[in-house]
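Student: Numbering (the working numbering), first residue to last: 33 to 191.
Have a look at this one before I ask anything.
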């Protein structure tokens, strides 16, 4: 079994998990930017760390996003890729536009969102986001699996 310490981070940064999102998940470090927080939230979904996702919501949004619902969603999906399109921040607000690919009940899905972030007590928090419509993504049984495994979809995720 591969140690998470030597695994590339799930957020697609190209860094090892231990040097990227893990310090944020362990509360050893705080996110320096909205993009870093968003990447760490994606990685938290990958490893099913619902408590971290909950804690990184803005306080005003936590009640409407209970840990159980976050956990149920994370457990129903297999997140496979994150593509950050752009990010910016100025003072205590910021935005990150991204696309996240995942499997939900063996269906390949994509979320395209422009997220809003705010600083609360010097810490970046996810406030909300605008979700953009995406076309249905059809993956044929003989197509390469979108997870990047280099296997045919029928031998990888369509099972």
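Glycine included, C-beta positions come from ideal geometry on N, C-alpha and C.
Because the structure is a prediction, the values reported are computed rather than measured.
Whole alpha helix (DSSP H) runs in the segment 92-174 with 4 or more residues, listed along the chain?
Tutor: Secondary structure remark: continuous alpha helix (DSSP H) runs of at least 4 residues inside the segment 92-174, in chain order: 99-108.
Student: Kindly indicate which three-state DSSP category residue 33 falls into: helix, strand or coil?
Tutor: Within the chain shown, residue 33 is the residue found at index 1, counting from 1. Bear in mind that the predicted position of residue 33 carries a pLDDT of just 41, short of 50, making it unreliable; the figure below should be weighed with that in mind. In the structure shown, residue 33 sits in coil (DSSP, three-state: anything other than H, G, I, E or B).
Student: Let me check you understand the geometry: is the CB of residue 117 closer than 7 Å to at least one non-hydrogen atom of the ligand SAH?
Tutor: Inclusion of the ligand SAH in the displayed structure is not the case, the ligand content being empty and no account of it being possible.
Student: Between which two residues does the alpha helix (DSSP H) harbouring residue 181 extend?
Tutor: Numbered from 1 along the chain shown, position 149 holds the residue referred to as residue 181. No alpha helix (DSSP H) contains residue 181, which DSSP labels as neither H nor E.
Student: Could you give the DSSP three-state label for residue 56: helix, strand or coil?
Tutor: The residue given as residue 56 occupies position 24 in the chain shown. The answer is helix: DSSP assigns residue 56 an H, G or I state.
Student: Who are the Cβ neighbours of residue 48 in its own chain at under 8 Å, not counting the five residues just before and after it?
Tutor: Residue numbering aside, residue 48 sits at position 16 when the chain shown is read from its first letter. Result list for residue 48: 37, 38, 39, 40 and 41, in chain order.
Student: Under 8 Å, with one C-beta from each stretch per pair, do the segment 150-157 and the segment 65-73 reach the 3-pair mark?
Tutor: Yes, since at least three Cβ pairs between the segment 150-157 and the segment 65-73 fall closer than 8 Å, the two stretches touch.
Student: By how many angstroms is the C-alpha of residue 170 removed from the C-alpha of residue 136?
Tutor: For the purposes of this step, residue 136 is taken as the residue at position 104 of the chain shown. For the purposes of this step, residue 170 is taken as the residue at position 138 of the chain shown. Distance between the alpha carbons of residue 136 and residue 170 is about 13 Å.
Student: State the CB to CB distance for the pair residue 117 and residue 129, rounded to an integer number of angstroms; the pair is presumed to be in contact (CB under 8 Å).
Tutor: Position 85 of the chain shown, counted from the first residue, corresponds to residue 117. Position 97 of the chain shown, counted from the first residue, corresponds to residue 129. Contact holds; Cβ gap of about 4 Å.
Student: Under 8 Å Cβ to Cβ from residue 61, same chain only, skipping five residues before and after it: list those, please.
Tutor: Numbered from 1 along the chain shown, position 29 holds the residue referred to as residue 61. 55, listed in sequence order.
Student: For the putative contact between residue 90 and residue 106, defined by C-beta atoms under 8 Å, what is the C-beta separation to the nearest angstrom?
Tutor: Within the chain shown, the letter at position 58 stands for residue 90. Within the chain shown, the letter at position 74 stands for residue 106. Going by Cβ atoms, the distance from residue 90 to residue 106 rounds to 19 Å, so no, they are not a contact pair.
Student: Alpha carbon to alpha carbon, what distance is there between residue 74 and residue 45?
Tutor: Counting from one through the chain shown, the residue named residue 45 turns up at place 13. Counting from one through the chain shown, the residue named residue 74 turns up at place 42. The alpha-carbon separation between residue 45 and residue 74 amounts to approximately 11 Å.
Student: In whole angstroms, what is the alpha-carbon distance linking residue 127 and residue 149?
Tutor: The sequence position of residue 127 within the chain shown is 95, counting from 1. The sequence position of residue 149 within the chain shown is 117, counting from 1. Cα to Cα, residue 127 sits roughly 6 Å from residue 149.
Student: Please tell me whether residue 41 has its Cβ less than 8 Å away from any Cβ of chain C.
Tutor: No chain C is present in this structure, which holds just one protein chain.
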